[in-house]
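Protein chains in written order, with the working numbering: chain A, 134 to 375; chain B, 23 to 243.
Glycine residues also receive a C-beta, built at the ideal position from the N, C-alpha and C atoms.
Structure first, commentary second.
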């Protein structure tokens with residue numbers, strides 16, 4: 134992992150790399166999603182859940198991504214705090230709305246799946262509640278960032294919040310598990326092999342990789358946009374001084 | 023040590039006198055406890071079932087109220103700059119500020135909590151546990167709340183932002199305290215939740231000041 138970020142810490146190199154990497158990840162995401170969705174569509178219906186089992190292919194990867202993106206954001210925030218690196222800060226800033234999007238997707242698809250399976254759109258179950266808390270932390274991060282006018286200070290305050298959230302997320306997860314559990318435990322990756330039949334396992338994995346690539350692509354695009362915005366602001370400032 | 027004593031006396035006096043002090047928080051708490059039966063209905067059986075939990079969540083909300091002035095006033099008038107320059111580490115100063123906040127609002131709220139819970143229909147024998155949960159939970163609320171207050175320094179609409187930041191962090195203590203109270207009310211073993219609440223409070227007291235000091239230094243820089 135280390136050499137890649139070290140290589141990319143130079144903004145020029147990052148821009149040159151992301152220029153072709155962003156569309157490439159996008160193309161990979163589309164290809165994987167097409168295959169995954171086709172396999173998911175042609176998978177047999179579950180003997181208990183019927184056709185609604187297909188929600189799994191959209192739901193599980195989104196739930197994984199909601200946590201994965203937070204981890205990316207927390208690492209980027211740590212790097213931004215320690216090294217005061219602009220790219221790391223731009224990366225943390227760019228990841229937040231994407232992570233919130235995946236979290237909303239996971240909650241929405243889970244809710245639509247819950248109606249036929251559990252008979253209700255929402256239950257105050259441990260996993261649902263901890264994902265909701267994750268969404269609240271994303272919202273707090275974006276709100277904090279948006280409401281401090283001084284950009285550098287806002288960035289550092291948001292980075293501290295991202296780390297506070299990273300410390301708290303496992304505790305929140307643990308606390309709600311202790312509180313109430315209806316959602317099934319881990320099924321795909323677990324000791325003794327996956328509980329999913331291969332016809333359900335492979336579409337889910339392919340779509341997870343597709344989500345991951347889509348995130349990579351969108352993340353790079355958003356970081357690029359953020360760098361362009363900062364360059365434009367710096368140029369406007371220079372023009373105003375001249 | 024005398025420096026810290028002076029600081030604690032100052033913070034507690036400020037928190038106590040600041041815009042009504044504990045009266046505002048306790049008044050808000052009483053107001054929420056009054057609105058609950060109006061919204062849910064006055065049947066004693068239904069109220070008694072939710073009484074400890076309702077009193078507990080109202081306490082969490084009431085402890086949010088005075089947070090926005092915890093660092094804001096010292097930040098605006100420059101006292102925070104002086105505190106940051108003093109030989110006392112800023113981490114310790116932040117911890118003392120939260121302690122003062124707890125003494126001035128958390129402890130009075132904890133005294134009001136059993137009264138509110140019993141008014142809503144909780145049994146009398148819950149009083150010691152409610153008081154203990156409110157005292158220890160108040161410590162957790164003050165120290166996690168301080169993180170939100172320090173982070174939103176210099177932000178527009180700081181008070182509202184503090185609440186948005188802090189509410190997700192209140193999830194574990196609300197669950198642990200509510201779980202202990204519900205277990206006690208149901209005649210089940212309750213120490214588990216209570217011990218976890220105390221553990222969360224201890225972690226907040228130990229780690230919260232680090233985040234608060236980092237946030238204050240950032241706002242002052």
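Where residue i sits in the DSSP three-state scheme
i	result
residue 195(A)	helix
residue 138(B)	helix
residue 233(A)	helix
residue 177(B)	strand
residue 256(A)	coil
residue 218(A)	coil
residue 28(B)	helix
residue 262(A)	helix
residue 85(B)	helix
residue 158(A)	helix
residue 212(B)	coil
residue 145(B)	coil
residue 98(B)	helix
residue 225(A)	helix
residue 110(B)	coil
residue 143(A)	coil
residue 200(A)	helix
residue 192(B)	coil
residue 114(A)	Because chain A here runs from 134 to 375, residue 114(A) falls outside it and cannot be looked at.
residue 344(A)	helix
residue 135(A)	In this predicted model, residue 135(A) has a pLDDT of only 48, less than 50, meaning its place in the structure is not dependable enough to derive any value.
residue 350(A)	helix
residue 64(B)	coil
residue 210(A)	helix
residue 243(B)	coil
Straight-line Cα distance separating residue j from residue i
i	j	result
residue 37(B)	residue 343(A)	53 Å
residue 161(B)	residue 303(A)	21 Å
residue 266(A)	residue 146(A)	37 Å
residue 172(A)	residue 82(B)	48 Å
residue 137(B)	residue 242(B)	42 Å
residue 222(B)	residue 194(B)	8 Å
residue 218(B)	residue 27(B)	30 Å
residue 220(A)	residue 366(A)	16 Å
residue 58(B)	residue 25(B)	44 Å
residue 209(B)	residue 350(A)	55 Å
residue 196(A)	residue 214(A)	27 Å
residue 62(B)	residue 139(B)	15 Å
residue 84(B)	residue 158(A)	48 Å
residue 134(B)	residue 145(B)	15 Å
residue 183(B)	residue 273(A)	8 Å
residue 216(B)	residue 254(A)	32 Å
residue 276(A)	residue 210(A)	16 Å
residue 375(A)	residue 226(A)	31 Å
residue 185(B)	residue 86(B)	7 Å
residue 191(A)	residue 242(A)	7 Å
residue 233(B)	residue 294(A)	8 Å
residue 362(A)	residue 356(A)	10 Å
residue 256(A)	residue 264(A)	12 Å
residue 360(A)	residue 202(A)	20 Å
residue 333(A)	residue 167(A)	15 Å
Per-residue contacts from residue i into chain B (C-beta, under 7 Å)
i	result
residue 289(A)	240
residue 297(A)	169, 233
residue 199(A)	Within 7 Å Cβ-Cβ: nothing; residue 199(A) doesn't reach chain B, min ~14 Å.
residue 276(A)	183, 186
residue 269(A)	189, 190
residue 94(A)	The first residue shown for chain A is 134 and the last is 375, placing residue 94(A) beyond what the model contains.
Within chain B, partners of residue i - CB distance below 8 Å
i	result
residue 283(A)	176
residue 221(A)	Per Cβ cutoff of 8 Å: no residues; residue 221(A) is ~16 Å from chain B at best.
residue 272(A)	186
residue 266(A)	190, 193
residue 300(A)	229
Whole-Å CB distance - residue i paired with residue j, under 8 Å assumed
i	j	result
residue 167(B)	residue 30(B)	That pair is no contact at about 18 Å.
residue 88(B)	residue 34(B)	With a Cβ gap of about 12 Å, residue 88(B) and residue 34(B) do not count as contacting.
residue 347(A)	residue 162(A)	4 Å
residue 170(B)	residue 188(B)	4 Å
residue 112(B)	residue 239(B)	7 Å
residue 281(A)	residue 176(B)	6 Å
residue 229(A)	residue 353(A)	That belief does not hold up - the Cβ atoms of residue 229(A) and residue 353(A) are roughly 15 Å apart, past 8 Å.
residue 199(B)	residue 159(B)	5 Å
residue 80(B)	residue 116(B)	That pair is no contact at about 27 Å.
Neighbouring residues, chain A, relative to residue i (Cβ below 9 Å)
i	result
residue 112(B)	Simply none; closest approach about 14 Å.
residue 224(B)	Going along chain A, no residue has its Cβ under 9 Å from residue 224(B), so there is no contact; the nearest lies around 12 Å.
Partners in chain E for residue i, counting only beta-carbon separations shorter than 8 Å
i	result
residue 197(B)	Although the question refers to chain E, the structure presented lacks it and instead comprises the protein chains A and B.
Chain-ordered chain B contacts of residue i [CB-CB under 9 Å]
i	result
residue 294(A)	169, 170, 173, 187, 233, 237
residue 356(A)	By Cβ distance, chain B contributes nothing, its closest Cβ being about 23 Å from residue 356(A), past 9 Å.
Which ranges does the alpha helix (DSSP H) cover as unbroken runs of at least 4 residues, wholly within the segment 267-319 of chain A, from first to last along the chain? 284-312
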